[in-house]
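Student:
Protein chains in written order, with my numbering: chain A, 1 to 632; chain B, 1001 to 1632.
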C-alpha cells in the first residue's frame, strides 16, 4: 500500500517514453488547444513590408520640413505625395505618411500641408510584430487562438503538436451492462469508462473504449494485449481489489510487473499499477465511481501529462470554513467532495455524501477538500484549503443553501440558471434546524425551513428566533406542501393515522433529528401522547424525503412520513395528513444583494409557480412573499 | 461612439432569440463540454436494488443477535447465509451482509460468526446515489465528465444540450491573401478569422469561415445574405472603419439597422454592430488583429453566451504592481496586454507592445490590464487589477525576466518548458539598465545584462552595484556573443569601424538609451573621441537587435550595431567588432528557489549549449557559471 504520490513516482520511473515525444503535423489554423511540439521560428517578418498605418499620402519627410499654417508646403500629387490606404506599401523613395485629414487640395494635382512629418511617421515598419527567425511559440505550450494568429502572421501554415496520448479503456466484469440495456438486480450500468473517456479528453488524451470484458483471466489478458498494440496507456476498470473475480493484479504481473497494489487514498484504495516489459503503463482502477475518479486523478492525469510533456495544472486553492464536522480515519488521505461558496467575503464549504458509490457527489461538487493521512478529520468552523474544481469566478457565483431538502427548491435552482445565467444554487441537505444554525454562523446565504413549534403550533418563526439570536432574519415563502404517510401501493397495511405507527405489524422509517418532518412527527406524537419507543424503526433515520420513501418502496419499511411528491416520484401511495409551509430564512441585510435578488426574482416567476405546482401536493401561491421577520 | 458595455446592451436589446433556445439531442456519453438544455430527472434510482457493499454473506440481522467470541452463532450456508460479492443483490428475506473475513467454516455447510450485524449493515441501499424522479442536472450547466456519470447512473442515455451558436466569419478586403499563398508588399495574410474561429470554439460556438470577399458592396452584401440563412451570428472582418473601402456599416444598414458605429476602446474602435430586420446580429470587427480580438471579446463573446443561455465567465483578477509607466489618453478604455508573474509573494506585470497590429502581444500575454476611460494611465509601481488570461496556478509558475533581449535567452525559455513542464519564461525587453532597475525594485526574477563600464571596461559588475545598491546580486553567465555592424549584403558602403559612422553617406540606426549595445557604442565613440552628433540617424532608436537589423534590411539605415545572430537571421552581412558577455543578474537569496533552480539547470544543460552555439557568433561555455557577485 503506497501513498498516491509515491505510487505515481514509482510508475513514472518505469514508464518508457519515446524521445522526442510523438508528434502530429497539423495545419496551424487547427492547432488551438494542442500542445506545441517544437519551438516555432518566424518564416516571414510581420509586417513583411513598410506599410501605411493610416489612410493618407506617402511623402518624403524631408520634403515636409517647415510646413506651417503661415507657410504651407505644396506637394505634387502622384510624385511628392502618393495616395495610400492603411496597409498599402510605402512607395520607394517615400518614408512617411501624412494623414488624409491633414491635407487639402487647393488646385487639382496640388496638395497643401500645414505641418511637417518625421521620417517613418504613420508607417508600420517591417517586423513591428515579429521578425524573420524570431521565436514565435516555444515547445510545450498549450496553443491559444492568439498563437494561431502569431504563427500565421509569421508565415507558417503547418506546425508540430504533441500527439494526444492514446488511452485504452477496458471495462471488466460479468455484472456490467451497457447504458440503455435492460437491467435487473445484480447488474451494474457501466458508466465509469464513459466518465474516464470525458476526463481523458479534458486532460488532452484520446480515449478508446472497448465493450465490457468478462471476469475471465484469459479473455482479460487477450483484451489487454490487443489494445497495447495501438495505445500508450491501458486502463482496466475494475478488478483490482482482492475479491474472487479480481484478476487485474495477476494480469499486470503476467504482462510485465505489478508495481503498486493499493493506494493510500479514500476513496480510491483498490488500485493496481503496472508496466509491461516494454515499459507501457497499465492502470487497474477501482470499480466504485468516486474511487475510480479519484484514482484516475492521482495516476492517469499525470500519466497523460507525462506523455504530452506538460505538467498537470494545479487546481486553485482557497481557504474555506467547513460548515460541518468531518471525521476521518488517521492513516489514509481522504478526498471529500464539497460545495464551496462565498459568503460575506469569506469562503465556506459543505461536505457532500461520502460514499464511494455516490457519483452525484462529484457532479454536484465545485471543490475538493483533501484530508492528509495524519489528520483526524476537520472540526465545524475550521479553516481549510479546498481545491476548486471550477474557475474561482464561477464558484464565487454559487448561492449556498443549507437546510431542509425540498423538490421545489431544486426546481428553483434549475430556473435560477435560466433567469440568471452564471449563478447556480448549491444545496446541502442537513435538515431545517441544521440550516438555521448554519445561517446563524454565516455559513450559507439562506436556509430552507419547515419547523413547527410544538408549544404554539406556529411554523418557523419561533425556531428562527431561537437558532439565530444575533441576526435579523426575513422569512420568505417558497411553497406549501402536503405531509403524510408514504406507504406501499394499495396501502396493504391500512395505515391511516399516527396511532397506526405503534402497531406490531408496522415498520416505520424515520427522518434524522433536526429535520422539519421529524419535529412534526414528534410534535404530533406528543400531542396524542403516543410513545415513540413503541414504534418499530423509529431509530432508523434517513436524511431526505426521497431516501425515506425509497425505504418504503424497497420493503425496508412499511411507512414513512414524507411530502406527497416523494411518494409520487416512486409510484407509492400517499395518506395525506396536513399542509405545511416551507419558507426560506434570509438575513435581512442580504435581501438586497445580487444573489438574493436573483433567487427571489426566480421564485416569484410564473415558471417557478407552474413547475412547483406540477409536483404533487404543492402550492406556490406565497412564493417570494415576505411571510415573517424575526428581529433581535 | 459608444462604450463597449453600452454597445453590448444596445445589441442585446435588439437580438431576437428562439424560445426555447435551439437544442441538440445527444448521447449522454458524448455530452461532456456541452451546456444542458433541460433539467434532467432520474429515470432509475442508483443503485436500483439493495446490493452487497462488501464481499461476504447475506444474512438476516435478527439471526445474528448475541453472537460473540464465547457464544458464536452458527448459520446454515445457503439458507441463513448466502454468499455475495460486492454489488450482488441481497436475496429476499435477508437484510445485512457479514464480511467474508468475519466468518469461518468449522464444518462444511456451517458458518460461525462471533459478532452480530445491524439491519442493513454492509448493504448499499437503493437510491443511495440518486432516487428516481430526482433532479440530476439542472439546465444551463456546462456538463462535466461527472455529470455524464450521474446521468448514465440515473438510467438516462440521451439528453438535450443547447445547440452551439453558429457563427459565420467573413474575411473582407482586396488586400487579403490566404495563409500559405505567395505574398508581395501590399498583401495581408488573412489570419484574423482563423483566430476568431478558435475563439468561437473556445466560447462554445461553431464557426464557419468563408474565403475572403472583395471590397465590393454587392459581393459583400450577397455573401452576408448567403450565410444569414444558416447562421445565428455573422461577423465581417474588416471594413468597419471610415476609409474608402469600408462598406460594412452601409451593408448593415441595408440589411436591417446599424446600431453602433465605433466603440470607445483602444484597440478596437472601428467596430460596427447591426441587426437584420429579423433580429439576427451582424458584427463588423476591426482589421488590426489586436483590435479585432478586443472587439470580439467585448461583443462576440457575450453574444455567443446569450445564444447558449449562459453567462460569459468573468476572468480572475489579481492586484499587480506595474513595472513601467503606461500613459493612456483620457476618453477611452484601453486594453493593455501584460505579462504577469509572482515575485516574493506579490504580483507584478510588464506591458507588452501596444500596437494594434502586434498579435504576438496577445500570444505572449498572460493577463490584461484594463485602463478605464477616465484614467490617464498608470504610474510605474502603481497597484492595479489585471485580468488573468490563464489559470492563476499557471500564471504563478511564470518566470519573469526584464532586461536586455537575447536570442539565446529565448531558446532557454523554450527548453525550460521541456525540462520543467509547467514553468514558463516571460521576457520584457527593456534593455540592460532597465532590467537592473526592475530587479532592484523587485519586479522580476532576474535581469539579462551586457553593460560595459566606460571607466574600467569591465562588464556588468559596476552597473549592478550602482543600479541595485540594496541587494546582494549574483551574476551568472549565459553566453558570450559577437557585436558588430549589421550592413546590407555585400557591405556596399564599405563600413568597417566606428569612424565610418560619421561619414555623410552613412545612415545609422541606434538602440534606445539604457540598452547594453547603446552603452557599448557610446563607450567606444568616447574612447575614440568621435562626436555622436555627427552620426546621421543617431537619434533613431530601436528596442531590439532584430528591429535595428530590420531597419538595415529594409533600407531605412545602412548600418546598425547588433549581435551577429540578428544579421544572420535576416541574411545581412556582419562586420564583427568585439565579443561581450551576456549575464543574468539574480538576487543571491533567490538562487535556491524552484524557479531559479529550474532556469539554471536548463542553461547548464548540453541541449542549451548546443542550441545557443548554433546561433551565429555565440559561445555558451560559461552558461550557468557564477561569474561575479555584488554585495551591498
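We put the CB at the ideal spot given by N, CA and C, even for glycine. Just so we're clear, the structure is a prediction, and the values are computed from it rather than from any experiment.
(1) Look at residue 1419(B) and residue 1001(B) and say whether their C-beta atoms are less than 9 Å apart.
(2) At a Cβ cut of 8 Å, what residues of the region 1187 to 1204 of chain B count as close to chain A, listed as they run along the chain?
(3) How many whole angstroms separate the CB atoms of residue 14(A) and residue 275(A), which I take to be in contact at a CB cut-off of 8 Å?
(4) Measuring only the C-alpha atoms, how far is residue 1552(B) from residue 1582(B)?
(5) Quick check on the burial criterion: 16 or more other C-beta atoms within 10 angstroms. Buried or exposed for residue 489(A)?
(6) Which same chain residues end up closer than 8 Å to residue 35(A) when comparing Cβ atoms and leaving out the 5 residues on each side of it in sequence?
(7) Over what stretch of residues does the alpha helix (DSSP H) that includes residue 1251(B) continue unbroken?
(8) Within the chosen definition, does the region 1559 to 1578 of chain B reach the region 1475 to 1484 of chain B through at least 3 CB pairs nearer than 8 Å?
(9) Please tell me whether residue 1646(B) has its Cβ less than 9 Å away from any Cβ of chain A.
(10) Could you spell out the range, first to last residue, of the beta strand (DSSP E) harbouring residue 58(A)?
(11) Look at the alpha carbon of residue 1359(B) and the alpha carbon of residue 1294(B), and state the distance between them as a whole number of angstroms.
(12) Report the residue from 1186(B), 1286(B), 1325(B), 1620(B) whose alpha carbon sits nearest the alpha carbon of residue 1434(B).
(13) Is the separation between the beta-carbon of residue 634(A) and that of residue 227(A) shorter than 9 Å?
(14) Please list, in chain order, the residues of the region 410 to 428 of chain A that have any C-beta partner in chain B closer than 7 Å.
(15) Does the Cβ-Cβ distance between residue 1159(B) and residue 1416(B) come in under 9 Å?
(16) From this set, 1587(B), 1570(B), 1599(B), which residue's C-alpha is nearest residue 133(A)'s C-alpha?
(17) I want to see whether chain A comes within less than 9 Å of residue 1315(B), judged by CB atoms only; does it?
(18) May I ask which residues mark the beginning and end of the alpha helix (DSSP H) holding residue 493(A)?
(19) So, are the CB atoms of residue 1320(B) and residue 1346(B) less than 9 Å apart?
(20) Using the rule of at least 16 other Cβ atoms within 10 Å of the residue's Cβ for burial, across every protein chain shown, is residue 28(A) buried or exposed?
(21) What is the rounded straight-line gap between the Cα of residue 1097(B) and the Cα of residue 1103(B)?
(22) If we count the other Cβ atoms within 10 Å of its Cβ and call it buried at 16 or more, is residue 671(A) buried or exposed?
(23) Checking contacts by CB at 9 Å: is residue 1025(B) closer than that to chain A?
(24) Would you check if the distance between the CB atom of residue 1558(B) and the CB atom of residue 1487(B) is smaller than 9 Å?
(25) Just the chain B side, please: which residues come within less than 8 Å of residue 48(A) by C-beta, in chain order?
(26) Leaving aside the five residues before and after residue 1135(B) along the sequence, list all residues of the same chain whose C-beta is less than 7 Å from its C-beta, in chain order.
(27) Indicate the three-state DSSP secondary structure (helix, strand or coil) for residue 1326(B) in the structure shown.
(28) Would you be able to state if there are at least three C-beta pairs under 8 Å between the region 281 to 289 of chain A and the region 383 to 398 of chain A?
(29) Does DSSP put residue 363(A) in a helix, a strand or coil?
(30) Does DSSP put residue 1146(B) in a helix, in a strand, or in coil?
(31) Is the region 584 to 602 of chain A touching the region 443 to 463 of chain A in the sense that three or more CB pairs, one from each, lie closer than 8 Å?
(32) Roughly how many whole angstroms lie between the Cα atoms of residue 1126(B) and residue 1337(B)?
(33) For residue 1519(B), which residues of its own chain have a beta-carbon under 8 Å away from its beta-carbon, when the five flanking residues on both sides are left out?
(34) Could you tell me whether the region 267 to 281 of chain A touches the region 250 to 257 of chain A, where touching means 3 or more Cβ pairs closer than 8 Å?
(35) Do residue 399(A) and residue 426(A) have their beta-carbon atoms positioned less than 9 Å apart in this structure?
(36) Which of the three DSSP states, helix, strand or coil, is assigned to residue 1029(B)?
Tutor: So, from the data block:
(1) no
(2) 1188, 1189, 1191, 1192, 1194, 1195, 1196, 1197, 1198, 1199, 1201, 1202
(3) That pair is a contact at about 5 Å.
(4) 24 Å
(5) exposed
(6) For residue 35(A), same chain residues with a beta-carbon under 8 Å away, outside a window of 5 residues either side, are 140, 141, 142, 143, 161, 162, 204, 308, 309, 310 in chain order.
(7) Start and end: 1248 to 1255.
(8) yes
(9) Chain B is shown from 1001 up to 1632; residue 1646(B) falls before or after that span and cannot be answered.
(10) 56 to 59
(11) Looking at the two C-alpha atoms, the distance is approximately 11 Å.
(12) 1325(B)
(13) As shown, chain A starts at 1 and ends at 632. That puts residue 634(A) outside it, with no answer to give.
(14) Under the 7 Å Cβ criterion, the region 410 to 428 of chain A contributes 410, 413, 414, 417, 418, 421, 422.
(15) no
(16) 1570(B)
(17) yes
(18) If you look at residue 493(A), you'll find it isn't in any alpha helix (DSSP H); DSSP assigns it neither H nor E.
(19) yes
(20) buried
(21) 11 Å
(22) Residue coverage of chain A in this structure runs from 1 to 632, which leaves residue 671(A) outside it and unanswerable.
(23) no
(24) Cβ distance < 9 Å, so residue 1558(B) and residue 1487(B) count as in contact.
(25) Per Cβ cutoff of 8 Å: 1183, 1185.
(26) 1039, 1041
(27) strand
(28) Because the criterion of three Cβ pairs below 8 Å is not met, the region 383 to 398 of chain A and the region 281 to 289 of chain A do not touch.
(29) In this structure, residue 363(A) counts as helix in the three-state DSSP scheme.
(30) helix
(31) yes
(32) 55 Å
(33) 1432, 1433, 1451, 1452, 1454
(34) As far as the Cβ criterion goes, the region 267 to 281 of chain A touches the region 250 to 257 of chain A, which means the pair count is three or higher.
(35) Against a cut-off of 9 Å, the Cβ pair of residue 399(A) and residue 426(A) comes out as a contact.
(36) The three-state reading of DSSP puts residue 1029(B) in helix, counting H, G and I together.
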